[in-house]
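Engineer:
Protein chains: 2
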Amino acid sequence: MQDPLTQLPGYVLRRASAAALARLNERLAPLGLRHIDVALMLLVEATPGLTPSRAGRVLDIQRANMVPLVARLESRSLMARQRVDGRSHALRLTAEGRSRLSRARAVVAHCEAALLRPVPVKLRPHVLPILMALWNPQDE
Amino acid sequence: MQDPLTQLPGYVLRRASAAALARLNERLAPLGLRHIDVALMLLVEATPGLTPSRAGRVLDIQRANMVPLVARLESRSLMARQRVDGRSHALRLTAEGRSRLSRARAVVAHCEAALLRPVPVKLRPHVLPILMALWNPQDE
DNA sequence: TATTGTTATACTCTATAACTATA
DNA sequence: TATAGTTATAGAGTATAACAATA
């Protein structure tokens, strides 16, 4: 018998994603971070002053779910909130946050490299374009 | 500002997977099925008599989590369990399960097609090989 | 009116530990 | 001793509704 699911790109996409995520989280755990923390920190580093709402829109995280995420990073002194408005907060990394992120970035780079390693060298340039295309499907 | 995360295959992999899964579940909902139900049904169809334990190993689902999954399909008369052993159960699709699965398969085919549509035709043959490679990463 | 941050809440998915009965 | 099925449970992750304060 042969597993019929491995013929379905969508299924393999899910399995590959779940496996990669699990390994990344495993390697980030010693830093006290999860993948989602690093995603937000990378985004805030690239866009200082970003608000939680806007960050949530970029990361596809609901406003309500940003609250515990930001609070957790703030409570660990990795991120700081600053009122910019009567209702908006500007997010910035603290010095400790930047230093933690540089270590996390090394972990991410390691995992990204491990992810690509089994892809034949000739196909590697196609990986990101293909994944970007899969991210943006057209329903008819 | 540019989103630094879209340069990371691992991140795009996750976003693509989550988006594809959400759309699939949305389209399966009218059939009363979720993606995981269809995955199990496809597997059991291809391997009649499979036990929940073995199915779980193929699908990467814990033994304990197979229980409510199989129970739900059984309670809807889509799948049947048969004792084969003092401790093992053989899983099979019922006639209703097969008919429901044929409708689900059409939904899956539609979603898979929508997933691949934005990929340039020349790159499409590389999609599955690349995803299979990403699924099986080598850590060093 | 629309948006931000927030609380509360519920639901799915997943992981672990422990138990029984069988092989 | 190892495996199958099961129960109970806890933790992520995610989604929705509602509210106050502000734009």
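Chains as they are written, first to last, in the working numbering: chain F, 1 to 140; chain R, 141 to 280.
Idealized CB from N, CA, C, for every residue including glycine.
#1: Anything in chain F within Cβ reach of R/Ser157, meaning under 8 Å, just list it in chain order.
#2: State the start and end residues of the unbroken alpha helix (DSSP H) segment that holds F/Ala95.
#3: With a threshold of 7 Å between beta carbons, is R/Arg232 in contact with chain F?
#4: Report the start-end ranges of each alpha helix (DSSP H) in the stretch 156 to 230 of chain R that is 4 residues or longer and not cut off at the edges.
#5: Measure the C-alpha to C-alpha separation of R/Arg257 and F/Pro137 and round it to an integer number of angstroms.
#6: Name the chain F residues that come within less than 8 Å of R/Ile270, Cβ to Cβ?
#7: Look at F/Leu93 and F/Glu45 and say whether their C-beta atoms are less than 7 Å apart.
#8: Does the contact criterion of 3 or more C-beta pairs under 8 Å hold for the stretch 211 to 226 of chain R versus the stretch 151 to 170 of chain R?
#9: Check whether the Cβ atoms of R/Leu182 and F/Pro9 sit closer than 7 Å, and answer yes or no.
#10: Considering only their Cβ atoms, is the gap separating R/Leu255 from R/Ala160 smaller than 7 Å?
#11: Interface residues of chain F around R/Asn276 at Cβ under 9 Å?
#12: Using the Cα positions of F/Gly49 and R/Ser215, report the straight-line distance between them to the nearest angstrom.
#13: Work out the CA separation of R/Val247 and R/Leu168 for me, nearest whole Å.
#14: Quick one, are the C-beta atoms of R/Ile270 and F/Val58 less than 7 Å apart?
#15: If we count the other Cβ atoms within 10 Å of its Cβ and call it buried at 16 or more, is F/Val127 buried or exposed?
#16: Using a Cβ-Cβ distance cut-off of 7 Å, determine whether F/Glu112 contacts chain R.
#17: Within 10 Å of its beta-carbon, does R/Glu236 have 16 or more other beta-carbons around it, so buried, or fewer, so exposed?
#18: To the nearest angstrom, how far is the alpha carbon of R/Ser239 from that of R/Met206?
#19: Closest to R/Lys262 by CA distance: which of F/Arg63, F/Val121, F/Ala113, F/Ala133 is it?
#20: List the residues of chain R whose Cβ lies closer than 8 Å to the Cβ of F/Asp139, in chain order.
#21: Cβ of F/Pro9 less than 7 Å from any chain R Cβ?
#22: Do F/Val38 and F/Ala104 have their C-beta atoms within less than 7 Å of each other?
#23: Hey, how far is the Cα of F/Ile61 from the Cα of F/Ala55?
#24: Run through chain F and tell me which residues come within less than 9 Å of R/Val198, C-beta to C-beta.
Structural biologist: Reading off the structure:
#1: Here residue 157 of chain R refers to the residue found at position 17 when the second sequence is read from its first residue. What R/Ser157 touches in chain F: Leu13, Arg14, Ala16, Ser17, Ala18.
#2: For the purposes of this step, residue 95 of chain F is taken as the residue at position 95 of the first sequence. F/Ala95 -> alpha helix (DSSP H) spans 95 to 116.
#3: Within the second sequence, numbered from 1, the residue matching residue 232 of chain R stands at position 92. It does not: the Cβ of R/Arg232 has no partner Cβ on chain F nearer than 7 Å.
#4: 175 to 186, 192 to 199, 203 to 215
#5: Indexing the second sequence from 1 puts residue 257 of chain R at position 117. Indexing the first sequence from 1 puts residue 137 of chain F at position 137. Going from the Cα of R/Arg257 to the Cα of F/Pro137 covers about 7 Å.
#6: The residue you call residue 270 of chain R lines up with position 130 of the second sequence. Correct list: Val119, Leu123, His126, Val127, Ile130.
#7: Looking up residue 93 of chain F in the first sequence gives position 93. Looking up residue 45 of chain F in the first sequence gives position 45. Their beta carbons are under 7 Å apart, which means F/Leu93 touches F/Glu45 by this criterion.
#8: Contact between the stretch 211 to 226 of chain R and the stretch 151 to 170 of chain R is absent, because fewer than three Cβ pairs lie under 8 Å.
#9: What you label residue 182 of chain R is simply residue 42 of the second sequence in a count that begins at 1. What you label residue 9 of chain F is simply residue 9 of the first sequence in a count that begins at 1. Cβ atoms of R/Leu182 and F/Pro9: not closer than 7 Å.
#10: As a first step, residue 160 of chain R must be located in the second sequence, where it is residue number 20. As a first step, residue 255 of chain R must be located in the second sequence, where it is residue number 115. In contact: R/Ala160 and R/Leu255 (Cβ atoms closer than 7 Å).
#11: Taking the first residue of the second sequence as position 1, residue 276 of chain R is located at position 136. Ala16, Ala19, Pro118, listed in chain order.
#12: In the first sequence, residue 49 of chain F corresponds to position 49, counting from 1. In the second sequence, residue 215 of chain R corresponds to position 75, counting from 1. One alpha carbon belongs to F/Gly49, the other to R/Ser215, and they sit about 52 Å apart.
#13: Position 28 of the second sequence, counted from the first residue, corresponds to residue 168 of chain R. Position 107 of the second sequence, counted from the first residue, corresponds to residue 247 of chain R. Here the alpha carbon of R/Leu168 sits roughly 7 Å from the alpha carbon of R/Val247.
#14: As a working note, residue 270 of chain R is residue 130 in the second sequence. As a working note, residue 58 of chain F is residue 58 in the first sequence. Result no, Cβ atoms of R/Ile270 and F/Val58 do not sit closer than 7 Å.
#15: Counting from 1 along the first sequence, the entry for residue 127 of chain F is found at position 127. Buried, since its Cβ has 16 or more Cβ neighbours within 10 Å.
#16: Your numbering for residue 112 of chain F matches position 112 in the first sequence. It does; some Cβ of chain R falls within 7 Å.
#17: Start at 1 with the first residue of the second sequence, and residue 236 of chain R comes out as number 96. With fewer than 16 Cβ atoms within 10 Å of its Cβ, R/Glu236 is classed as exposed.
#18: The residue you call residue 239 of chain R lines up with position 99 of the second sequence. The residue you call residue 206 of chain R lines up with position 66 of the second sequence. Each residue's Cα considered, the two are about 22 Å apart.
#19: For the purposes of this step, residue 262 of chain R is taken as residue 122 along the second sequence, with counting starting at 1. Looking at the Cα atoms, F/Ala133 is the closest of the given residues.
#20: Here residue 139 of chain F is taken as the residue at index 139 of the first sequence, counted from 1. Per Cβ cutoff of 8 Å: Arg163, Ala254.
#21: Counting from one through the first sequence, the residue named residue 9 of chain F turns up at place 9. Taking Cβ atoms only, chain R reaches closer than 7 Å to F/Pro9, which makes this a yes.
#22: Walking along the first sequence from the start, residue 38 of chain F turns up at place 38. Walking along the first sequence from the start, residue 104 of chain F turns up at place 104. When the beta-carbon positions are compared, F/Val38 and F/Ala104 come within less than 7 Å of each other.
#23: What you label residue 61 of chain F is simply residue 61 of the first sequence in a count that begins at 1. What you label residue 55 of chain F is simply residue 55 of the first sequence in a count that begins at 1. Distance from the CA of F/Ile61 to the CA of F/Ala55, rounded to the nearest whole angstrom, comes to 8 Å.
#24: Taking the first residue of the second sequence as 1, we reach residue 198 of chain R at position 58. Simply Asp3, Leu5.
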